[in-house]
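**Student:** Note that my numbering has the sequence shown beginning at 867, numbered continuously upward.
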Amino acid sequence: MIVLIFGGNRFIGKDVIRELLEWSECDTIYVFNRTGLGHHKSKKIRCIIGDRNVYKDLEQIPWKDIDYVVDMCLYEIHQFELISRYVKKKKYTFMSSIASQVDPVLSGFEDYGRQKLLLEERIRKTVWKNCIVRPTYVLSSPGVRSHIARDQYFLDCLYNDVPIQIDGDGKAELSFTFADDVVRTVLTMIFHAWNDSMDPTHREVNLASDPITVIDLIKIFEKHSKKTAELFFNSPDSPFDNKRVVFPDKIQPSQFMELDSGVKLLVEEYEKNLQS
């Protein structure tokens, strides 16, 4: 198996690569991004430096050899049009977002959500063997650290007695998943999911918790850290905007770690790192 990954240097992408390196079935991993090899050193990896918005850069990819494409950084229709003729006969996983399933105005996602929805529709029509992964806000997992200061921000504040900045009143409902869930889902799609009779609707996975407010999420961090947070409301420096991003009732979430258990693991890892 030869896999191509668009965007493999940050967060989920680099950990998908880490897991693929352990698979004997995976012979070669092509990583296409603008910054180079990044985190992994292996004879299995072939790094292609380029910009996906530049057609000549995309021509560097040995498309005829690729069995599977994992697209971690597709955001606009014109980006897909540049690769559509190459990927239409490949096995293709698109990292979308739950933003594609919520009202773009009420959720605050606006054009980001609209573009993700348009991309999903275009991919379904173009690529028969497609999979779509829709995570909500992604928190770290032990050993899989987010480049965005979300869970780390809460922990740093709690353990350093720094007020946690809250946008608005903190009562907006958000939904979360963990990095491990996203990595596991992508790998499952690559390794297990393919047969010609599969119902296309089964190739779409939503990764989300039940809606929870930022204040209630902080309470979970407080419980496991045994610390009390000081909250600073109406702050423009909050890591979460005061948006209502409720998981749609018509779509059931799947394959996610329960929030309490996941946060407990993050707190334990944080405390081990402090000790070391």
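Glycine included, every Cβ here is placed at the ideal spot set by N, Cα and C.
Fair warning: this is a prediction, and the values are worked out from it, not measured in the lab.
Going by DSSP in three states, residue 1043 sits in which element: helix, strand or coil?
**Tutor:** Taking the first residue of the sequence shown as 1, we reach residue 1043 at position 177. The answer is strand: DSSP assigns residue 1043 an E or B state.
**Student:** Nearest to residue 952 by CA position, among 1009, 1122, 927, 963, is which residue?
**Tutor:** Residue numbering aside, residue 952 sits at position 86 when the sequence shown is read from its first letter. Comparing Cα positions, the closest option is 927.
**Student:** By how many angstroms is the C-alpha of residue 1002 removed from the C-alpha of residue 1073?
**Tutor:** Start at 1 with the first residue of the sequence shown, and residue 1073 comes out as number 207. Start at 1 with the first residue of the sequence shown, and residue 1002 comes out as number 136. Cα to Cα, the separation comes out at about 6 Å.
**Student:** Helix, strand or coil: which one does DSSP assign to residue 1016?
**Tutor:** Within the sequence shown, the letter at position 150 stands for residue 1016. Coil.
**Student:** Can you name, in chain order, every residue of its own chain whose Cβ lies under 7 Å from the Cβ of residue 966, other than the five neighbours on each side?
**Tutor:** Working through the sequence shown from its first residue, we reach residue 966 at position 100. Taken in chain order, the residues that qualify are 979, 982, 983, 986, 1000.
**Student:** For residue 885, collect the residues of the same chain with a Cβ closer than 7 Å to its Cβ; drop the 5 residues on either side in sequence, then sort them by chain order.
**Tutor:** Working through the sequence shown from its first residue, we reach residue 885 at position 19. 1049, 1053.
**Student:** Compare the Cα-Cα distances from residue 1091 to each of 1131, 1081, 1056, 1097 and report the closest residue.
**Tutor:** As a working mapping, residue 1091 is identified with position 225 in the sequence shown. Taking only the C-alpha atoms, the option nearest residue 1091 is 1131.
**Student:** How long is the line joining the alpha carbons of residue 1140 and residue 1093, rounded to whole angstroms?
**Tutor:** For the purposes of this step, residue 1140 is identified with residue 274 of the sequence shown, where counting begins at 1. For the purposes of this step, residue 1093 is identified with residue 227 of the sequence shown, where counting begins at 1. For residue 1140 and residue 1093, the distance between alpha carbons rounds to 15 Å.
**Student:** Applying the 10 Å Cβ sphere with the 16-neighbour rule, what's the burial state of residue 943?
**Tutor:** Stepping through the sequence shown from its first residue, residue 943 is reached at position 77. Exposed, since its Cβ has fewer than 16 Cβ neighbours within 10 Å.
**Student:** Quick check: the stretch 954-972 against the stretch 888-897, are there 3 or more CB pairs under 8 Å?
**Tutor:** No, they do not touch.
**Student:** Alpha carbon to alpha carbon, what distance is there between residue 1022 and residue 1134?
**Tutor:** As a position in the sequence shown, residue 1134 is number 268, starting the count at 1. As a position in the sequence shown, residue 1022 is number 156, starting the count at 1. Answer to the nearest angstrom: the Cα atoms are 13 Å apart.
**Student:** Put residue 897 into one of helix, strand or coil per three-state DSSP.
**Tutor:** Numbered from its first residue, the sequence shown carries residue 897 at position 31. Looking at residue 897 - three-state DSSP - the assignment turns out to be strand.
**Student:** Can you have a look at residue 1015 and say buried or exposed, based on whether 16 or more other CB atoms are within 10 angstroms of its CB?
**Tutor:** Locating residue 1015 in the sequence shown gives position 149, counting from the first residue. That one is exposed.
**Student:** Between which residues of its own chain and residue 1127 is the CB-CB distance below 7 Å, once the five residues before and five after are set aside?
**Tutor:** By 1-based counting over the sequence shown, the position of residue 1127 is 261. No residues qualify anywhere along the chain.
**Student:** I'd like to check one pair, residue 1095 with residue 1078: are the Cβ atoms closer than 8 Å?
**Tutor:** What you label residue 1078 is simply residue 212 of the sequence shown in a count that begins at 1. What you label residue 1095 is simply residue 229 of the sequence shown in a count that begins at 1. It is not a contact, given that the beta carbons lie outside the stated cut-off.
**Student:** Alpha carbon to alpha carbon, how far is residue 1105 from residue 1019? Give it in angstroms, no decimals.
**Tutor:** Numbered from its first residue, the sequence shown carries residue 1019 at position 153. Numbered from its first residue, the sequence shown carries residue 1105 at position 239. Roughly 8 Å separates the two Cα atoms.
**Student:** Is DSSP giving residue 1070 helix, strand or coil here?
**Tutor:** On the sequence shown, position 204 is the one that residue 1070 refers to. Residue state, collapsed to three classes: strand.
**Student:** Roughly how many angstroms separate the alpha carbons of residue 1060 and residue 995, rounded to a whole number?
**Tutor:** Counted from its first residue, the sequence shown places residue 1060 at position 194. Counted from its first residue, the sequence shown places residue 995 at position 129. Bear in mind that a pLDDT of 48 at residue 1060, under 50, signals an unreliable position, so the model cannot answer this.
**Student:** Please report how far the alpha carbon of residue 1036 lies from the alpha carbon of residue 1087, in whole angstroms.
**Tutor:** The sequence position of residue 1036 within the sequence shown is 170, counting from 1. The sequence position of residue 1087 within the sequence shown is 221, counting from 1. When rounded, the distance between both Cα atoms is 15 Å.
**Student:** Work out the CA separation of residue 1008 and residue 1063 for me, nearest whole Å.
**Tutor:** Along the sequence shown, read from residue 1 onward, the residue named residue 1063 stands at position 197. Along the sequence shown, read from residue 1 onward, the residue named residue 1008 stands at position 142. Low confidence applies here, because residue 1063 scores a pLDDT of 47, under 50, leaving its location unreliable; read the following figure in that light. Rounded to whole angstroms, residue 1063 to residue 1008 spans 36 Å at the Cα level.
**Student:** DSSP three-state label for residue 886, please.
**Tutor:** Indexing the sequence shown from 1 puts residue 886 at position 20. Helix, per DSSP.
**Student:** At the level of alpha carbons, what is the spacing between residue 908 and residue 935?
**Tutor:** For the purposes of this step, residue 908 is identified with residue 42 of the sequence shown, where counting begins at 1. For the purposes of this step, residue 935 is identified with residue 69 of the sequence shown, where counting begins at 1. If you take the alpha carbons of residue 908 and residue 935, they lie about 19 Å apart.
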